[in-house]
Amino acid sequence: MVLIVALGVGSFFSVRLAGRAAASGFDLFAEAVTGGSDLVVETRVGEFPTAWLPDFREALGSLPVKAVPVLETTVGLVLPGSPGSAMDVPTLRMIGVDLLAVRNVATYRGDGKTPAASFANPGESISLGNLDQVYLSSRVSRDHHLHRGGELTVIVNDTPRHLSVAAVLPEDGSGGSGSFLVMDLPALQRLTGREDRLDHIELVFPESLRGGPLTEEVIRVLMAASEGRWVVRTPDAERASAQSMTMAFRFNLSILSSLALLVGLFLILQALEANVLRRRSEIGVLRMLGAERRWLLGSWMAEALTLGVVGSGLGLLLGFAGAQVMVRGVAGTISSFYHQTTVSAAGWHGGEALLAGWIGVVASLAAGWLPARDAANTPPAHAFLRQPSRTGIRLLDHPMLGAGLLLAGWGLTRLPPVSFGYIATLPVAGYLAAVAFLTGTGILFSALLPVAARLLRGWGGKSPSARYALSHFRMPSGRHKLTVAGLVLAVGMAAGMVLLIHSFQVTLWGWIDRTLTADVFMIPKGQQTASGKQRILEKTWRTIASDPAVASAELRHGFPIEYADTPTFLTARTQLPVSTPFRHIWVEPPRSEVNLQSPTESGQWQAFASESFCRRFGKGLGDEVTILSPAGEKTLRIVGMFADYGNERGSVEVGADPLAAWFGDRSAITVSLVLRDGVPVEAFRTRLQSEYPGLNIRSQALLREEIHRLFRDTFSITLALQAIGVTVAVAGLGLAMISLMLERRRELAVLRELGMTRRGIAGSAALEGGLTAGLGLLGGLVLSFILGWVLIFVINRQSFGWTLSYAVPWGRLALLGAGILVTGTLVSGWVGHWGASLKGEREG
Amino acid sequence: MKRGIMFLVIMGVGLSASLRAGVTADGFAYATPNPSFQFPRDHGSHPEFRIEWWYYTGHLFAASGRRFGFEATFFRYALHPGGDHAESAFGTNQLYMAHMALTDVEGQTFLYEERLHRDGWEAWAKEGELDLRNGNWSVTMSEDETMTLKGSIRGEVRLDVRLAPQQDKVLFGDQGYSRKGDAVEAASWYITFPRLEVAGELTFRGEVIPVTGQAWMDHEISSSQLDPDQVGWDWASIQLDDGRSVMVYLLRQKDSTPDVHSRLTWIGAEGILGAWGPSDFSWTARETWTSPETGGVYPVDIDLVLPDPDGGAARRLRLKPVMAAQELTGQLSGVPYWEGACDVLDEAGTRIGYAYVELTGYAGDLGEAMR
């Protein structure tokens, strides 16, 4: 039982820690090298032109503030010895800062011994604007065995660059965990083709003025000079924004892990109840000796509390270890969907530990309450009865309550999600509906036991084993009901998850089949994630698209923007030749002819919006959206809604020409090519890969294989939870059967004396367990269809804005059902065999 | 000239030749005799020269009598000959270093900060006018040659003062041409405001203090370097209560003897009263102070025996520091030096003026560092 609590608490704690660590990978440069920036200045959209810097400098005047302009990108790291054409390369943050000026920042922080002080040490030759030198954080040095004077190759945009390590930054406790490369800012500008551009400016205050009135003064003077060009934010706000982006993701993970704990609860409840039963005579003696009910209740609850505390303690240790394993997977998902994070270890978090421990203890107390109450309420005389008058949860005696809960669940699915602005929506009502359906179905199906017994009355013939087994269902004990309810819950959750994953898989593959029709796909090597900043430069994609082997090319362009103060994307596609049709998967297709390239007479631009965008912002066809581009505000009218399962932040698609004009950039994020008939795909891919080692070039087959792998990795957590569910269901059944056998010790002894063989008793127990498992399985499958529907049409849609098709994996469900039925029957038979050997005289 | 040499050390560069300048072998301009200065143009930057600095030292007084010393220096160093200023926000033609220090006499506290920037959006020295910038530190000059100096030292000091000339600028050496060594390139153009009336506001640890006082400003332009035999220098600007001023620098050689190009110059209300070589004056330390941070041993209390042009008799002046610990430890440059506010005492021990003294080459082998 301790292990059950530990597993539940551990799984909850590890998921929470891993999610927290991965989401915290968002950090600011100055924090990494100086111990903290005080304010961040950035544009509302696009990049910060260096042409604004003089105005910015003038606005700051003589205020004692040091400014650190930062340019960031992601690069692929090609390690020595690895082939340049490797498909996957580690992705790292490459930060451009003024290597000379950043040393001034160190004088504002304590003794100046921050990593910032390590740039261009006194006495060393200063080589400004050097395109070949890079500084490494100690993490990068350690992880990739790179040291001062060493060589490395990184992929910047679509081109490999050979760099030498100027120095390794020391760890100082403030930013030592960061994983990044640093280069002189103008050098990185040239390297990335982003001359005269910055991402943001971090402001650092003198230590003694941090958190004081200087903050307000700086914000005031900068905003007064902004003229709408830049905004000033606190690092906390930046971090909160990054955290809130991942809030829904982490919330869903937490819910999934707490459901595992919930299933574990049933097992604890059953185990404790079995314990109460086993010690009934002991309880009777205590009551006879004058033990009060309150004392009995207290002592049983103390046992549950001990169980909770010890189990939670062990669970925290297990969870912390598990988080270290899980964090890379979670970080990968967050990098893919939200922002680049390179965290690979989860730190201990007191708050999370308290929460997980508290949940473990409370859950144990909740599970212990009913058995404890049973023990305390048992009259002394009843305690010596061989057959207890009444056991189990009384809730299960009220089928109407079950029906009411199902109704309530349906009502809850009608409610909207809890919204945190547009940044995140949490399907709280959806999860409550799931809990209502779980409980309701469990109650209803446990009430069906007598009905099942009546239906099966003539089935067993004259076999004493079968008749004995069925006799127990005519007036089922609370234990039978509880077992059925537990099975319904465990099977329902496991099968519901199978159904959701299958539906997602079917939908995704349908989408992939219709969208991945090209022969060859390419992205920059460092661009493994949606939040990466790598691009395929216009010169490169034009050369590739004009290759004689290429029949047509589709390019995707995109830039992060904000809509309603919420991050989203503005995208475009270029077709070459231009007559090639676009391949959108429409949720709502355009109703008339569309022209994305030119504005309407009223100055509006037509645009397509992804389903996620429309659901997130409550938009539909015909609605207007005003976005801010570097070229000013643009009003877009949504004329089509398309499906996009690759981006839950949503996107708006405009014409490639206006997008390039607004952002002054025609580089592409991805390029897909259709080859001319007869061109061998693999040979073409290999040739292109050798010509463009900075690009990840995949054939369609290879890409599909990678998506399969990604899919498997992403859902590995849910598969583990599924396995826990099935194990708990079977273990619960086994425990229940053990309790029943113990209850029936005398009865079984009489049956043995009447001539029933051990095998006969085992067969009877197998039938009893098999039927219980069967009814639980049936209820569980019904519940899984309901849960699947809630997960797909309520929770998933509210969390991610995606509509999935409802697809039932009959084969997998049958396999799952057969597995539970067979193992349940076998376990019960084994328990029966064991029960048959119980000595009747041991009872008294 | 002292600051130019220091700058050379800091940047670790070698020798290097508009205003009728020569050209060094590596393409920089060098100072030649008979410069024809035009102002305000020549208050501004001369990027064709390798090294240039604008140097302010002074003494501030609150109405309560509370006294402070201050130093603010702005250096320019050209990385490439012919390189103009800031071709981009992050240029690679010029480097700008700056120091700022404040001495709180009453609290016996010395605060300082160093800066190092490339040319661009954060640092510049404009041509054609006096307009200097290094982060949030700045100097500008109005038409009447009044300068405005703004700056801060960490989070503890903010300075916003105007410096108005009380007498015309002085051109040191021969009409501003100042020889520093035997080599033809070893010279500078040297412009000084020996008496600046200061007024403005000092914010010291949150307390806003209106201040007045007097300051000294040097502007020197060169492409020269220290001689291999020179290991450091001592320098002082002395402002006597009688209205006269003295500027003295002593180039120290390896054998502890002064270099022949060392100079002492008397300045009166109408300009230079006379200049003397190292054989005509003596510079003797009364006490030393050992830096706990760098280990440098500085001769901080000076006896200066010099000829007085008013009558020609020798005078003995004591340059007594207001506190010993006035060392800038070279956090960014790696070259520590001592620059401190001093009282000027006569032989009777009576204060007869204020001075600023600079001592270099006492913490580490400066000559070696230069080479």
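Quick note, the sequences are listed as chains A and B, same order.
With the numbering used here, the residue at position 105 of the first sequence is 209, and numbering never jumps.
With the numbering used here, the residue at position 238 of the second sequence is 452, and numbering never jumps.
Even for Gly, the Cβ is constructed at its ideal location relative to N, Cα and C.
Rounded to the nearest angstrom, what separates residue i and residue j at their Cα positions?
i: residue 332 of chain A; j: residue 161 of chain A; result: 16 Å
i: residue 940 of chain A; j: residue 865 of chain A; result: 6 Å
i: residue 727 of chain A; j: residue 591 of chain A; result: 48 Å
i: residue 459 of chain B; j: residue 485 of chain B; result: 10 Å
i: residue 719 of chain A; j: residue 928 of chain A; result: 44 Å
i: residue 322 of chain B; j: residue 417 of chain B; result: 17 Å
i: residue 401 of chain B; j: residue 320 of chain A; result: 49 Å
i: residue 677 of chain A; j: residue 733 of chain A; result: 17 Å
i: residue 190 of chain A; j: residue 594 of chain A; result: Low local confidence applies: a pLDDT of 43 at residue 190 of chain A is under 50, so the model's placement there is unreliable, and no value is given.
i: residue 560 of chain B; j: residue 280 of chain B; result: 23 Å
i: residue 518 of chain A; j: residue 923 of chain A; result: 35 Å
i: residue 415 of chain A; j: residue 736 of chain A; result: 59 Å
i: residue 425 of chain A; j: residue 118 of chain A; result: 8 Å
i: residue 767 of chain A; j: residue 435 of chain B; result: 45 Å
i: residue 494 of chain B; j: residue 323 of chain A; result: 59 Å
So is residue i in contact with chain B if we call contact Cβ pairs under 8 Å?
i: residue 208 of chain A; result: yes
i: residue 324 of chain A; result: no
i: residue 134 of chain A; result: Residue confidence for residue 134 of chain A is low, a pLDDT of 47 falling below 50, so the modelled location carries little weight; the figure read from the coordinates is stated next. Judged by the 8 Å Cβ criterion, residue 134 of chain A is not in contact with chain B.
i: residue 739 of chain A; result: no
i: residue 239 of chain A; result: no
i: residue 211 of chain A; result: yes
i: residue 170 of chain A; result: yes
i: residue 306 of chain A; result: no
i: residue 312 of chain A; result: yes
i: residue 205 of chain A; result: yes
Short of 6 Å in beta carbon distance, which residues of its chain neighbour residue i, apart from the five on each side in sequence? Order them along the chain.
i: residue 688 of chain A; result: 746
i: residue 341 of chain B; result: 258, 259
i: residue 171 of chain A; result: 305, 307
i: residue 225 of chain B; result: Low confidence applies to residue 225 of chain B: its pLDDT is 39, below 50, so where it sits in the model is not reliable, and the reading given next is rough at best. Only 291 meet the Cβ criterion.
i: residue 422 of chain A; result: 110, 114
Quick one: what's got a C-beta closer than 8 Å to residue i's C-beta in the same chain, skipping five residues either side?
i: residue 542 of chain B; result: 313, 315, 326, 328, 550, 551, 552, 553
i: residue 755 of chain A; result: 662, 672, 673, 674, 675, 713, 714, 716, 717, 748
i: residue 528 of chain B; result: 519, 520, 521, 522
i: residue 724 of chain A; result: 692, 718, 742, 745
Beta-carbon of residue i versus every beta-carbon of chain A: anything under 8 Å?
i: residue 525 of chain B; result: no
i: residue 421 of chain B; result: no
i: residue 401 of chain B; result: no
i: residue 553 of chain B; result: no
i: residue 329 of chain B; result: yes
Could you pull out every residue in the same chain whose Cβ sits closer than 7 Å to the Cβ of residue i, ignoring the five residues on either side in sequence?
i: residue 346 of chain B; result: 268, 288, 339, 352, 353
i: residue 247 of chain B; result: 388, 391
i: residue 469 of chain A; result: 405, 408, 409, 412
i: residue 681 of chain A; result: 656
i: residue 474 of chain B; result: 491, 492
i: residue 335 of chain A; result: 146, 148
i: residue 208 of chain A; result: 170
i: residue 862 of chain A; result: 937, 940, 941
Measure the beta-carbon distance from residue i to residue j and round it to whole angstroms, keeping in mind my assumption that it falls under 8 Å.
i: residue 274 of chain B; j: residue 427 of chain B; result: 4 Å
Should residue i be counted as a contact of the ligand SAH given a C-beta to heavy atom distance under 7 Å?
i: residue 835 of chain A; result: Ligands displayed in this structure: none; no statement on the ligand SAH is therefore possible.
Requested in this report: Identify each residue in the region 141-160 of chain A for which the Cβ-Cβ distance to at least one residue of chain B is less than 9 Å, and report them in chain order.
Outcome: 154, 155, 157, 158, 160
Requested in this report: Please list the residues of the region 348-373 of chain B that have a C-beta atom closer than 7 Å to any C-beta atom in chain A, keeping them in chain order.
Outcome: 349, 350, 352, 364, 365, 366, 368, 369, 370, 372
Query raised in the report: Quick one, which residues of the region 331-350 of chain B are near chain A if we go by CB-CB under 7 Å, in chain order?
Result: 331, 332, 335, 336, 349, 350
Query raised in the report: What are the residues of the region 472-504 of chain B that lie near chain A, defined by any Cβ-Cβ distance shorter than 8 Å?
Result: none
Query raised in the report: Listed in chain order, which residues of the region 703-722 of chain A have Cβ atoms closer than 8 Å to some Cβ of chain B?
Result: none
Query - Residues within the region 527-547 of chain B neighbouring chain A, beta-carbon criterion of under 9 Å - result: 544, 545, 546, 547
Query raised in the report: Just by C-beta distance, which residues in the region 299-321 of chain B are closer than 8 Å to chain A?
Result: 302, 303, 304, 306, 309
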